[in-house]
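S.K.: Residue numbers (this note's numbering), protein chains in the order written: chain A, 475 to 821; chain B, 1122 to 1915.
This is the structure I want to talk about, given as structure tokens.
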């Protein structure tokens, strides 16, 4: 009987090893372990054994059964893996075939730059506000300390709607300063991006409609040092921590003291020269003019009912197109308003 | 404003040791921004003074000469010239081998008809000069030098071109810096150097008094706060001396003759425009400063006949205008070669009036440009004295005694207390009072007993803030410590801005790209989009002084801007486009000073696969993404801009919010597009208030959903919306959704009818629905459909 069992085991192991499909395995399982299987048949002969032989044989039979079952299970796993491998091989695709096209819309490059700037300001605690584009001359000029007869009020510079020049298209975002200060008490900390209009024929560097971002901070004890700090932080956020800024005196009717801020040319590092040639980025100046700013003029504060003895503030204004053109290297302003999708898709 | 550095070095403050780069950098940082600077001798290289030792006829030419020229080297050089005015011993400019002349001309040695020529003898023109610069020279020949110069000397030093011209951007508040003296004062302060001053002195000639010859009357006192005049008799018109011509030329002013040059010189030096009249043509010896009268004309010095409008300020004699005040003189009183008696004018005219006249006549001049900055009235007198001093220096006439000086109302001298605490508080600095006084003194702003005595040339200094700027720039803006403030404000976007951002994100996710278009449009857009004549949208704000008709009104509707861009893209052969804009429109409101400026969301698209329903689906997605209640769509058959059968009025909660459809083919044609365009224009600003509240969690269904399909046969006229409404109402609360999945016409459906197939989903929250439950619902639905729409089960 022992021989019989070992025969079964040997043959079973060989047959299982040779089995080539799950179906053959199942056949073998029935043949070996089924109710009428070979092992069962052998076990049926257990009654003929002596009491001493019976446990020994029983143990042997069980171990043979366990081994066959284990082998059966292992072969099942192997065959499944092989089948899966074969299936996957058949499913192979050419991964270099292009993906299924998805049309993604693009934000206009200028608004991408604007969004970036707005986010930096919001992070610095500025509220983003809006103001009317069709504006009163009073807000656009008079209350900003731009006197009657100032050249910027000329009809050659400003678009007017009325004979008395009282209603116009704002020429700057600065009237939003007035609107904000009229309606809110300090502390004030805002930016106001928007469209502005000047009577310039459209060419590579001019447009009768363009965009500015105005900033205004009014509180007690605001200094020019704070102005420098705020603008330096902004520019380092936009242009990297190594950006070098300088401030130059300038003149605006609605700020005093006033300044312009330049950034050191990133290409020539302020030398004005690249490989012995005049730097094309800054035209040899070593600096790039970025924006105008200053401490809010006491008269402007007064015009809005804010006591300049108690409060001070700073304001700044920058041209969005120039900033966008600089960072995107767009070389013709007209492209911005042309809206060719081949252009829009580049960004 | 141009400044030649040699001039200020020689006359006012010697900064000759400062390099051009440092000079420009320091001036810029100090507040006088340098636009560009240029070495005057950069164009001419390797050109020297030579002496002609001998000249012989060229053997192979009947007009050329072979010259041996001493150029200060060991050996003379041989140069062939075609000029005929050269003689032995003449001093001439010699462009040596490898030299450069204006206009990028490069001279090298070569052979002329077989004879070696080691360079070129130069004419005035070849050196970029004219007879005005060196009046003794001839124009069609070599410049025979009559200058005090040595053989071998660089020609630039002979020409006076060893100089740098710096061009400054002068800000509006500093009219004083439109002068050499003003810029010299700034330079002296910037470099902490004292400035030399010069008080003009007129000796007088004893040739009589101006008051015996000239009577001046200022009628237009409002427009002329000061008028000074002096007279010069026995004038000898001739060229000015070299030093004067050179200073003019370096500033880009063409030398003309001594009298005219003097007026130009004083204008550069003092910033005070001057004029010289020929006394012969001042009728009756009377000068009247008045406004021009109806119908008057004047031929100005440039030879143009000017039609004057009443109110323009003129200088007139007894009979007629002889000059356009502050802008340009008249031809009828011009200084000529035979002028013998001259009237100098140095006046202060109203800047705004001058600017407007110059603008109206299209003739902005150096002079008008200066006046429009509002000049110092106290400058008129020293300027005219300086002119007369120069007349005496140049010995070109006898200055008559007496000065006409008509002084109107001028601002009183101003004082401002020096308040160091306030200035430091504004700047964020800690500068001592002593340092502040030092800074101001450097700028020639005296401080006496704590009071700042504002000089007449600094009208910009009014408040302490103005003083803070002077202190700040003297201290150095870049030295002010960088600080950060803390205010109790919270940054962020307004709800409307966040709403706009969300809409932009949704549009882009759906494949639409953003465009930016002009807010002003052509009035023809209304016809182009076929708006009826009485449409209220035609009441647009009109720009009175537009750049052109095409940009002359503020848009009241944004579709035309979109069509413009679609049309342009189509013209660029872009096969498809999906574009959006959040476009402001400008709607005038009766009784309101300002128009309303709501934003419209415009979607526009063309290309393969675009249909009414793709756009509608996308619009629905935008609405859904914006958390708006479900919009309703109703056929809009008479919208003039859209296809009558493919246009919907869009409403949300019963309120009309916009329009969606295929752009009318006639409109498309007006924009030059022959494919189907789909567009939607939504009154975006009105949507924010309709936004649903932030969503909160609803428990997920515990019980299964039952799906039942329903195919109906009904009249063609029955709309999907009508059927859905009946189904929804009849099905009751177990209905979770109803959606159309097919519309069929053809075999099996009677002609004139259609079949619509809907899928209904039913579910209860508290139990699994039985067949009986769903049967009951479907029966209710069928009954209602039959009764209300005459629709039957197919």
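Yeah, the Cβ is synthetic: ideal placement off N, Cα and C, and Gly gets one too.
Answer yes or no: does any C-beta atom of chain D fall closer than 9 Å to that of residue 1672 of chain B?
M.R.: The structure shown contains no chain D; its protein chains are A and B.
S.K.: Taking contact to mean at least 3 C-beta pairs separated by less than 8 Å, is the segment 1441-1455 of chain B in contact with the segment 1484-1504 of chain B?
M.R.: Yes: the two stretches touch, three or more of their Cβ pairs being nearer than 8 Å.
S.K.: Determine whether the Cβ of residue 1912 of chain B lies closer than 9 Å to any Cβ atom of chain A.
M.R.: Answer no: the Cβ-Cβ gap between residue 1912 of chain B and chain A never drops below 9 Å.
S.K.: Compute the Euclidean distance between the alpha carbons of residue 1575 of chain B and residue 1357 of chain B, then round it to the nearest angstrom.
M.R.: Cα to Cα, residue 1575 of chain B sits roughly 41 Å from residue 1357 of chain B.
S.K.: Evaluate residue 629 of chain A with the Cβ neighbour count: other Cβ atoms within 10 Å of its Cβ, from every protein chain shown; 16 or more gives buried, anything less gives exposed.
M.R.: Classification of residue 629 of chain A: exposed, given that the 10 Å Cβ count is below 16.
S.K.: Closest to residue 1608 of chain B by C-alpha separation, out of A:702, A:683, A:662, would be which residue?
M.R.: Per the Cα distances, A:662.
S.K.: Roughly how many whole angstroms lie between the Cα atoms of residue 1697 of chain B and residue 1878 of chain B?
M.R.: Rounded to the nearest angstrom, the two C-alpha atoms are 33 Å apart.
S.K.: Would you report the Cα separation of residue 1422 of chain B and residue 1436 of chain B, rounded to the nearest angstrom?
M.R.: Cα to Cα, the separation comes out at about 14 Å.
S.K.: Given residue 1481 of chain B, which residues of its chain have a CB within under 7 Å of its CB, disregarding the five upstream and five downstream residues?
M.R.: So the qualifying residues of the chain are 1430.
S.K.: From the DSSP output, in three-state form, read off residue 1108 of chain B for me.
M.R.: Residue 1108 of chain B lies beyond the residue range present for chain B, which begins at 1122 and ends at 1915; the question has no answer from this structure.
S.K.: Within the same chain, show all residues whose beta-carbon is closer than 7 Å to that of residue 1253 of chain B, passing over the 5 residues directly before and after it, in chain order.
M.R.: Once the five neighbours on either side are set aside, the close Cβ partners of residue 1253 of chain B are 1375, 1376, 1377.
S.K.: Flag this pair as yes or no: are the beta carbons of residue 1306 of chain B and residue 1469 of chain B separated by less than 9 Å?
M.R.: Not a contact, by the Cβ cut-off of 9 Å.
S.K.: According to DSSP, is residue 501 of chain A helix, strand or coil?
M.R.: Three-state result, residue 501 of chain A: helix.
S.K.: Could you tell me the distance, in whole angstroms, from the CA atom of residue 1434 of chain B to the CA atom of residue 1407 of chain B?
M.R.: Near 16 Å, if we compare the C-alpha coordinates of residue 1407 of chain B and residue 1434 of chain B.
S.K.: Give a yes or no on whether 9 Å exceeds the smallest Cβ distance from residue 574 of chain A to chain B.
M.R.: With 9 Å as the cut-off, residue 574 of chain A does not count as an interface residue toward chain B.
S.K.: Relative to the C-alpha of residue 1540 of chain B, which candidate in B:1211, B:1592, B:1510, B:1159 has its C-alpha closest?
M.R.: It is B:1592.
S.K.: Under 7 Å Cβ-Cβ, which residues of chain B neighbour residue 581 of chain A?
M.R.: The answer, in chain order, is 1625, 1629, 1635.
S.K.: Under 8 Å, CB to CB, which of the residues in the segment 1602-1615 of chain B have a partner in chain A?
M.R.: Listed in sequence order: 1602, 1603, 1604, 1605, 1606, 1608, 1609, 1610, 1611, 1612, 1613, 1614, 1615.
S.K.: At a Cβ cut of 7 Å, what residues of the segment 1391-1407 of chain B count as close to chain A, listed as they run along the chain?
M.R.: Taking 7 Å as the Cβ-Cβ cut-off against chain A, none of the residues of the segment 1391-1407 of chain B qualify.
S.K.: So what does DSSP say about residue 1192 of chain B, is it helix, strand or coil?
M.R.: Coil, per DSSP.
S.K.: From the beta carbon of residue 669 of chain A, is the nearest beta carbon of chain B less than 9 Å away?
M.R.: It does: the Cβ of residue 669 of chain A has a partner Cβ on chain B nearer than 9 Å.
S.K.: Quick one: which chain A residues come within Cβ less than 7 Å of residue 1640 of chain B?
M.R.: What residue 1640 of chain B touches in chain A: 607, 669, 683.
S.K.: Sorry if obvious, but does the Cβ on residue 1593 of chain B come closer than 8 Å to a heavy atom of the ligand NAP?
M.R.: Although the ligand NAP was asked about, the structure shown includes no ligands whatsoever.
S.K.: Buried or exposed: where does residue 734 of chain A fall if 16 or more other Cβ atoms within 10 Å of its Cβ makes it buried?
M.R.: So residue 734 of chain A ends up on the buried side.
S.K.: By how many angstroms is the C-alpha of residue 593 of chain A removed from the C-alpha of residue 1867 of chain B?
M.R.: When rounded, the distance between both Cα atoms is 58 Å.
S.K.: What is the DSSP secondary structure of residue 1666 of chain B, counted as helix, strand or coil?
M.R.: Here residue 1666 of chain B sits in coil by DSSP.
S.K.: Tell me the DSSP secondary structure of residue 510 of chain A in three-state form.
M.R.: Looking at residue 510 of chain A - three-state DSSP - the assignment turns out to be coil, as it is neither helix nor strand.
S.K.: Where are the alpha helix (DSSP H) runs, 4 residues long or more, that stay fully inside the segment 589-630 of chain A, in chain order?
M.R.: Complete alpha helix (DSSP H) runs here, min 4: 611-614.
S.K.: Let me know the secondary structure DSSP gives residue 1117 of chain B once reduced to three states.
M.R.: Past the edges of chain B, shown from 1122 to 1915, lies residue 1117 of chain B, and the structure says nothing about it.
S.K.: I'd like to know whether the C-beta of residue 622 of chain A is nearer than 9 Å to at least one C-beta of chain B.
M.R.: Chain B, which has a Cβ nearer than 9 Å to the Cβ of residue 622 of chain A, makes this yes.
S.K.: Should residue 558 of chain A be labelled buried (16 or more other beta-carbon atoms within 10 Å of its own) or exposed?
M.R.: Exposed, by the Cβ-count rule.
S.K.: Take residue 1426 of chain B and list the residues in its own chain whose beta-carbon comes closer than 8 Å to its own, dropping the five residues that flank it on each side.
M.R.: These residues qualify, in order along the chain: 1418, 1419, 1420.
S.K.: From the beta carbon of residue 1718 of chain B, is the nearest beta carbon of chain A less than 9 Å away?
M.R.: Output row for residue 1718 of chain B: interface = yes.
S.K.: With a threshold of 9 Å between beta-carbons, can residue 663 of chain A be considered close to chain B, or not?
M.R.: It does; some Cβ of chain B falls within 9 Å.
S.K.: Could you confirm whether any beta carbon from chain A is found closer than 9 Å to the beta carbon of residue 1299 of chain B?
M.R.: False, the Cβ-Cβ gap to chain A never drops below 9 Å.
S.K.: Mind pulling the chain A residues with CB within less than 7 Å of residue 1618 of chain B?
M.R.: Near residue 1618 of chain B (Cβ distances below 7 Å), the residues of chain A are 602.
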